[in-house]
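Visitor: Note that the working numbering has the sequence shown beginning at 79, numbered continuously upward. Think of the CB as a built atom: it goes at the ideal place given N, C-alpha and C, for glycine as much as any other residue. Treat the numbers as computed from the prediction; the structure is a model and nothing was measured. Submitted below is the structure of interest, expressed as structure tokens.
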Amino acid sequence: MSIETSPSSAPDPEWERITATLVKEPPKPVRFEFERRPRPAWMMSGEQLRQWIMYAKDNTVDAVRFHVTHSPYYLGWSVRGYRRLCLRWWEARHDDYQQQIATAKLMLRQAKEQPRGAQRAADESKARALLQVRRAEFKAHKKRHWIRTGISGLIVAVGVPTCAILGGLWVQILMALAVILTGAWFGRPEEPAGVPAQAPTRTSHLGEDTMRRVLVEAGAVSDKRAAEVRGVGIPHSEGPGIAYEVDLPSGIPAAVAVARKQQVASALAVHQDWLDLEVGDIESRLKVWVASSDPFAIVRRSPLLDYKGPINTFRDGIKVAFGKRGEPITLWVRDSSLIVGGATRRGKGMLLANILLGVAKDPWVNVRIFDGKGTAEHNAYARIMGTFTKRNAERLALATRAIVAEMDRRSDLLDDHGYEKIDDENYEECMRLLGGREVFIVDELATYTPKGTSPWADEITENLSQIAAVGAALGITLISLTQVPEVDVVRGRLRQNHTSRAAMNTESGTASNTILGDGMTGQGYDASKIPLTQPGRAWLSTPETGVIQVRSYLVKPDDKRRAADEAYEIRKAAGRLPGQWKDPIEEYLAAETGVSSAAGGEGGKGRIGAVGPKLPTPITLARAAFAAVGDPDRMTSTQMYQLVAAADSQWAPKEGTDADQARDRFLKALREAATEVAPTVDMKVKQWAGGRGYHLTTILALTGETAAKYP
79 MSIETSPSSA PDPEWERITA TLVKEPPKPV RFEFERRPRP AWMMSGEQLR QWIMYAKDNT
139 VDAVRFHVTH SPYYLGWSVR GYRRLCLRWW EARHDDYQQQ IATAKLMLRQ AKEQPRGAQR
199 AADESKARAL LQVRRAEFKA HKKRHWIRTG ISGLIVAVGV PTCAILGGLW VQILMALAVI
259 LTGAWFGRPE EPAGVPAQAP TRTSHLGEDT MRRVLVEAGA VSDKRAAEVR GVGIPHSEGP
319 GIAYEVDLPS GIPAAVAVAR KQQVASALAV HQDWLDLEVG DIESRLKVWV ASSDPFAIVR
379 RSPLLDYKGP INTFRDGIKV AFGKRGEPIT LWVRDSSLIV GGATRRGKGM LLANILLGVA
439 KDPWVNVRIF DGKGTAEHNA YARIMGTFTK RNAERLALAT RAIVAEMDRR SDLLDDHGYE
499 KIDDENYEEC MRLLGGREVF IVDELATYTP KGTSPWADEI TENLSQIAAV GAALGITLIS
559 LTQVPEVDVV RGRLRQNHTS RAAMNTESGT ASNTILGDGM TGQGYDASKI PLTQPGRAWL
619 STPETGVIQV RSYLVKPDDK RRAADEAYEI RKAAGRLPGQ WKDPIEEYLA AETGVSSAAG
679 GEGGKGRIGA VGPKLPTPIT LARAAFAAVG DPDRMTSTQM YQLVAAADSQ WAPKEGTDAD
739 QARDRFLKAL REAATEVAPT VDMKVKQWAG GRGYHLTTIL ALTGETAAKY P
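Take a look at the structure:
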């Protein structure tokens, strides 16, 4: 048997097939592909860069052209800017130390007027020490102020000329531009700083579901009946907030939710001052308004500043403030008297400035201001005021007497002509008959009404109370302001007769109640909680508005001067400036004191000085009779008596006597008064063709005036 073998070099197909299965094929190489990195947002392409350069060039050219064409405005702004800086420097020098010193002096005077004893000594010592401290503080403040001023002035006085002399033309040009631009920066027109209206955050989805949750969390609706709450309409923007209405389940009045305002505000995550809850058209309907930020944080400019021409404040009222939703609040200075109280620098003057904007442009309104502070706050309006006096309690007492007598005169006139009241239909006729409406303003009652302040304090308080109670129906409105809302300043009867009230921030809830009324703090109307950062914000209570929160419009000193100029032209054209019409109040004051306070008196700043001894009433009435008809050379006794009887009802014919007897009674009193004042004056009745009476020179001799003044 033979075995065949294959040579070793011969290929073996089976082996090769076996060995081939044991060796792996090499894998193909993986190829990675990367995306191009995007260009950063800040990096521009060449085309974008060229476009940006072109835009920058055009914007620069436009800006240069704009500022060059507006350079005259900048020059005006620069002058106004340096004027503002000077005023700011002056205000910084005085700060509020003068008012504090005046208050300390008042405390010292009140302490001295107390009965002798330990309490008087303690109060006097305390007031004297406070006065010395305030004076020392003021002296130190002025010293620091002058040091800072001196250092700054030395730097400017030395540095500016040095740079101007050594720096050359370009330095001088740059310094001149710096001076102009600095003044323009401080003199640029100021826009009211306001917070843009924002929609509420948590209340953005204010609707049926949200109100169900809120009413349940507030405890106004039980969880079982929450599904019965139904929305009315859709939520909508209203001012700086959102308004919505819902119907509560049957048997649950909306007043329940209104009473839980604080809980509702907490459920909505807002302050309760940012929320309004009201009962709707039916008892179960709740009206909701809510904002997400303080609606009073914004400052608004008075809309009357842009109003041209006269204003009928009797018909249209005066827009003096804005409400929670940004709506204008109108004050009607015709049907009720107003009292305004609050701490110092809390916005009382700003509310009064808004009132003056309106009444100054109403030619039928006779404006009379008795300023107890004595500052220049109202000087801008002096030219148009029927009466303007500062810190003069005696003259205020006389003026209130005249106003009380004026109320009797007006009442008789309305009765004689058959007018039941002054309304829109008979307004013009009544104004011509009565001589206009009276707006009587007492700024700072604490100067006049506290007991012991002056011999006339009780009389002033009583007369003001009568004016506030009765005057509004006769066209006489009283506006009282005080920064000391205490009971001894605003006595009970005086406050009760002011049916309209405004309380700015006060030091305590008791002071708030002094203005708004007893128990108002407990009802949530607490002026002591008004933020100090919002001067002009107040609780306002009037018959027309109820008790609401408001904030006065912004009125700047420049606005006052511009409005006063416009009011002057309006009144001049209407013949209603002081001196253009017969003013019985000022005639009485001038007759009693010999000095006029119309248009602020001599100098126009309301500083009416002391006068000589008071003349007897018959002489002042006789002098007023001549003045009423233009000071003729002579006047018959009958004509003079008729004018006297019209001015003072005391001399009118009494029951059982005729006009001749009443005239003789007055002439006898006139002769007796003349004998007392000037015994050498011949008071015999003079006879001339067509009548018998007195010459003007005779009456002037009694009053001490010279006939040379009356050619």
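#1: Extract the residue ranges of the beta strand (DSSP E) inside the segment 680-760, only unbroken runs of 3 or more that lie entirely within it.
#2: With respect to the beta strand (DSSP E) encompassing residue 615, which residues constitute its N-terminal and C-terminal limits?
#3: If you reduce the DSSP assignment to three classes, tell me which class residue 504 lands in.
#4: Output yes or no for whether 8 Å exceeds the beta carbon distance between residue 641 and residue 383.
#5: Keeping to the same chain, check which residues put their C-beta closer than 7 Å to that of residue 782; ignore five residues upstream and five downstream.
#6: Cβ atoms of residue 755 and residue 656: under 8 Å apart, would you say?
#7: If residue 336 sits next to residue 356, beta carbons under 8 Å apart, how far is it from one beta carbon to the other, in whole angstroms?
#8: Could you pull the start and end residues of the alpha helix (DSSP H) that residue 248 belongs to?
#9: From the DSSP output, read off the bridge partner residues of residue 406.
#10: With DSSP run on the structure shown, which of helix, strand or coil describes residue 198?
#11: Restricting to Cα atoms, I'd like to know which of 346, 512, 765, 399 is closest to residue 435.
#12: At 3 residues or longer, and completely inside the segment 303-341: list those beta strand (DSSP E) runs for me, N to C.
#13: Just to check my reading of the structure: residue 325 and residue 308 have Cβ atoms closer than 8 Å, yes? What is that Cβ distance to the nearest angstrom?
#14: Pull up the DSSP beta-bridge partners for residue 482, would you.
#15: Per DSSP, what kind of secondary structure is residue 474 in: helix, strand or coil?
#16: Kindly identify the DSSP beta-bridge partner or partners of residue 772.
#17: For residue 451, which of helix, strand or coil comes out of DSSP?
#18: In whole angstroms, what separates the C-alpha of residue 341 from that of residue 396?
#19: DSSP state of residue 442, grouped into three classes?
#20: How should residue 164 be labelled, buried or exposed, when 16 other C-beta atoms within 10 angstroms of its C-beta is the threshold for buried?
#21: Give me whichever residues DSSP pairs with residue 467 in a beta bridge.
#22: Which residues share a DSSP beta bridge with residue 560?
#23: Taking 7 Å as the limit between beta carbons, can you name the residues of its chain near residue 630, skipping five residues before and five after?
#24: Nearest CA to the CA of residue 473: which residue from 262, 418, 525?
#25: Give the DSSP-derived three-state secondary structure of residue 188 in the structure shown.
#26: Using CA atoms only, rank isn't needed, just tell me which of 780, 778, 402, 763 is closest to residue 772.
#27: Is the beta carbon of residue 558 within less than 7 Å of some heavy atom of the ligand ADP?
#28: Can you grab the Cα-Cα spacing for the pair residue 406 / residue 632, in whole Å?
#29: Does the separation of the CB atoms of residue 696 and residue 747 fall below 8 Å?
#30: Ignore the nearest five residues each way along the sequence and tell me which others in residue 358's own chain have a CB closer than 7 Å to its CB.
#31: Residue 361 bridges to which residues according to DSSP?
#32: Which residues does DSSP pair with residue 653 in a beta bridge?
#33: Determine the burial state of residue 776: buried for a count of at least 16 other Cβ atoms within 10 Å of its Cβ, exposed for fewer.
#34: Who are residue 624's beta bridge partners in DSSP?
#35: Taking three-plus beta-carbon pairs below 8 Å as touching, is the segment 404-418 in contact with the segment 660-674?
#36: Are the beta-carbon atoms of residue 448 and residue 521 separated by less than 8 Å?
Guide: Checking against the coordinates, here is how it stands:
#1: The DSSP assignment places 712-714 as complete runs of the beta strand (DSSP E) inside the segment 680-760, in order along the chain (cut-off: 3 residues).
#2: Unbroken beta strand (DSSP E) run through residue 615: 615-620.
#3: Coil.
#4: Cβ atoms of residue 641 and residue 383: closer than 8 Å.
#5: Within the same chain, no residue comes within 7 Å of residue 782 by CB-CB distance, once the 5 residues on both sides are set aside.
#6: In this structure, residue 755 does not lie closer than 8 Å to residue 656 by Cβ.
#7: A Cβ-Cβ distance of about 7 Å is found for the pair residue 336 and residue 356, placing them in contact under the 8 Å criterion.
#8: In the DSSP assignment, residue 248 falls within the alpha helix (DSSP H) that extends over 246-265.
#9: Partner residues in the beta bridge of residue 406, as assigned by DSSP, are 400.
#10: If DSSP states are grouped into helix, strand and coil, residue 198 belongs with the helices.
#11: Measuring C-alpha to C-alpha distances from residue 435 to each of 346, 512, 765, 399 identifies 399 as the nearest.
#12: Residue ranges of uninterrupted beta strand (DSSP E) with 3 or more members, entirely inside the segment 303-341 and ordered along the chain, are 308-316, 319-325.
#13: The pair is a contact, with the Cβ atoms about 5 Å apart (cut-off 8 Å).
#14: For residue 482, which the question treats as bridged, DSSP gives no partner whatsoever.
#15: Three-state result, residue 474: helix.
#16: Residue pairing for residue 772: DSSP places it in a beta bridge opposite 713.
#17: Residue state, collapsed to three classes: coil.
#18: Inter-residue distance for residue 341 and residue 396 is about 36 Å (C-alpha atoms, whole angstroms).
#19: Three-state DSSP puts residue 442 in coil, outside helix and strand.
#20: Exposed, by the Cβ-count rule.
#21: The secondary-structure analysis by DSSP pairs residue 467 across a beta bridge with 448.
#22: Residue pairing of residue 560 in beta bridges, as defined by DSSP: 419.
#23: Answer for residue 630: 398, 399, 425, 428, 429, 432, 614, listed in chain order.
#24: It is 525.
#25: Here residue 188 sits in helix by DSSP.
#26: Of the listed residues, the one whose Cα sits closest to residue 772 is 763.
#27: Looking at this structure, you won't find the ligand ADP or any other ligand, since it has none at all.
#28: Between residue 406 and residue 632, the alpha-carbon positions lie close to 13 Å from each other.
#29: Contact flag set, yes.
#30: Closer than 7 Å at the Cβ level, and outside the excluded window around residue 358, lie 323, 332, 364, 365.
#31: Bridge pairing for residue 361: absent [DSSP].
#32: Beta-bridge analysis with DSSP links residue 653 to no other residue.
#33: With 16 or more Cβ atoms within 10 Å of its Cβ, residue 776 is classed as buried.
#34: Looking at the DSSP output, residue 624 bridges to 620.
#35: Counting Cβ pairs under 8 Å, fewer than three are found: no touch.
#36: It is a contact, given that the beta carbons lie within the stated cut-off.
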